[in-house]
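Just so you know, we're using numbering that gives the first Met the number 0 here: the sequence shown kicks off at 0 and counts up by one. Ideal Cβ positions, reconstructed from N, Cα and C, are used throughout, including at glycine. As the structure is a prediction and not an experimental result, all values here were calculated from the model. Structure, as structure tokens:
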Amino acid sequence: MTVSGNVQWPPEAPVWRFAWQMVDGDTEAIAFYDLYFKDRLVMHKASLPMIRVQYDGPAGPYKDQLSTFNMPGTVNVYEGSPNPAFRFLVVESYHEIGHYRLTNRWIFRNDGIILPQLLSAGLQAPYNHRHHVYWRFDFDVVGASNNLALEHLPVGTDWGWGPGWLPYTVEAQAAHSPRSTYAVLNKGNPFGHLMGYMIAPGPFDGAADAFGRIDAAVMAYHGPEDLRGRLGSPYDDQLATQVNGENIDGADVVLWWCAHLVHNASEGGDEVHICGPILQPFGYP
Ligand SMILES: [Cu+2]
């Protein structure tokens, strides 16, 4: 069973256009394709291919894969509007894996902000544990070429993109505490100015540890490296197999984001935990 849809939203004057689909066996739940904000390309693809869970006790580790096979319902698409100037569209799927109840929620706001969120409830084993949640963002800011990824460091050095903005010239994995904000931009200034997206930590995105070692990874795009839910094991995210020193300055860039969601057993299984980054446009109309 493949479920899919095309979104043009809001219908009377679309600011968001994209396609989404879920394919049996892909085990990354909803994959979004060719996301345009105000008619300008943002990403070729966005998805959540991997969740790894580590317990402080004799359980796991696990690799959880969101798929049609553990989705009791269907993909829900709905919108909300707290006030007339602020509207958002939600595309989400709900999954049950063992005792886990997981909601894969993607919020698209009419100001261009994207909020990919994983909501997690349920307790599989009575020990403190961490859910390491990996999103894959295949950025194509305006187009696939001329993209550049940067990390904002707490320093005054200016490498040419403003104080603290470190351009990634080669593929890399990174973790810092507190964790950093990243950006992907089109360095060709196709509309006469910089445009791109900032990727900032959400309030519960946590800190990397010895098991979930990265906050972000930046790599060159290669079609065969999109392994959907097949990348990684319970013991290793295997991102290192794709980060091997390639030049990515002005390349087609993929950015992985890993949130580290802490779940204490004393909180029980009823409380819903939430994590996920904040993707905010700059230079878009
Ligand atoms: Cu948990």
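Distances from the alpha-carbon of Arg86 to those of Lys62, Asp204, Gly111 put Gly111 closest. Around ligand 1, the residues whose beta-carbon falls short of 6 Å from at least one of its heavy atoms are Ser119, His128, His130, His262, given in chain order. Nearest in C-alpha terms to Ala124, of all of Gly97, Ala12, Pro233, is Gly97.
His192 sits exposed, since fewer than 16 C-beta atoms from the chains shown fall within 10 Å of its C-beta. Within the same chain, and ignoring the five residues on either side of Arg16 in sequence, the residues whose Cβ sits closer than 6 Å to its Cβ are Gln7, Tyr35. About 5 Å separates the CB atoms of Val183 and Gly195; that is less than 8 Å, so the two are in contact.
For Phe87, the enclosing beta strand (DSSP E) starts and ends at 85 to 96.
The Cβ atoms of Val41 and Val140 lie closer than 8 Å to each other.
Partner residues in the beta bridge of His131, as assigned by DSSP, are Arg51, His259. Taking a cut-off of 8 Å on C-beta distances, the region 197 to 212 touches the region 165 to 176, as three or more cross pairs fall below it. In its chain, beyond the 5 residues on either side, Lys37 have a beta carbon closer than 6 Å to the beta carbon of Pro284.
In its chain, beyond the 5 residues on either side, Pro48, Met49, Gln237 have a beta carbon closer than 7 Å to the beta carbon of Leu230.
Segment contact: the region 237 to 254 against the region 73 to 86, fewer than three CB-CB distances shorter than 8 Å; contact not assigned.
Taken in chain order, the complete beta strand (DSSP E) segments of 3 or more residues contained in the region 142 to 197 are 146 to 151, 164 to 166, 171 to 173, 181 to 185. Separation of Asn103 and Tyr167 (C-alpha to C-alpha, rounded to the nearest whole angstrom) is 29 Å. Across the set Tyr77, Ala28, Val2, the C-alpha of Tyr77 shows the shortest separation from the C-alpha of Pro10.
The residue from Trp255, Asn127, Val74 with its alpha-carbon nearest to that of Ala45 is Trp255. By a beta-carbon distance limit of 8 Å, Ala199 does not contact Asp251. Their separation comes to about 23 Å. One Cα belongs to Arg51, the other to His130, and the distance between them is close to 6 Å. Counting other Cβ atoms within 10 Å of its Cβ, Pro276 reaches 16 or more and is therefore classed as buried. With contacts defined by Cβ atoms closer than 8 Å, Gly159 and Leu152 do not form a contacting pair. When rounded, the separation of the alpha-carbon atoms in Pro177 and Gly211 is 15 Å.
Tyr181 has its alpha-carbon roughly 30 Å from the corresponding atom of Val22. Val271 counts as exposed, since fewer than 16 other C-beta atoms from the protein chains shown sit within 10 angstroms of its C-beta. Between Val90 and the set Asp269, Asn82, Arg108, the nearest pair of CA atoms involves Arg108.
The continuous beta strand (DSSP E) containing Asp63 extends over residues 61 to 63.
The beta carbon of Val169 is closer than 7 Å to those of Gly244, Glu245, Asn246, Ile247 in its chain, skipping five residues each way along the sequence. In its chain, beyond the 5 residues on either side, Ile106, Gly275, Ile277 have a beta carbon closer than 7 Å to the beta carbon of Leu114.
Ranking Ser179, Arg135, Asn127 by CA distance to the CA of Pro57 puts Asn127 first.
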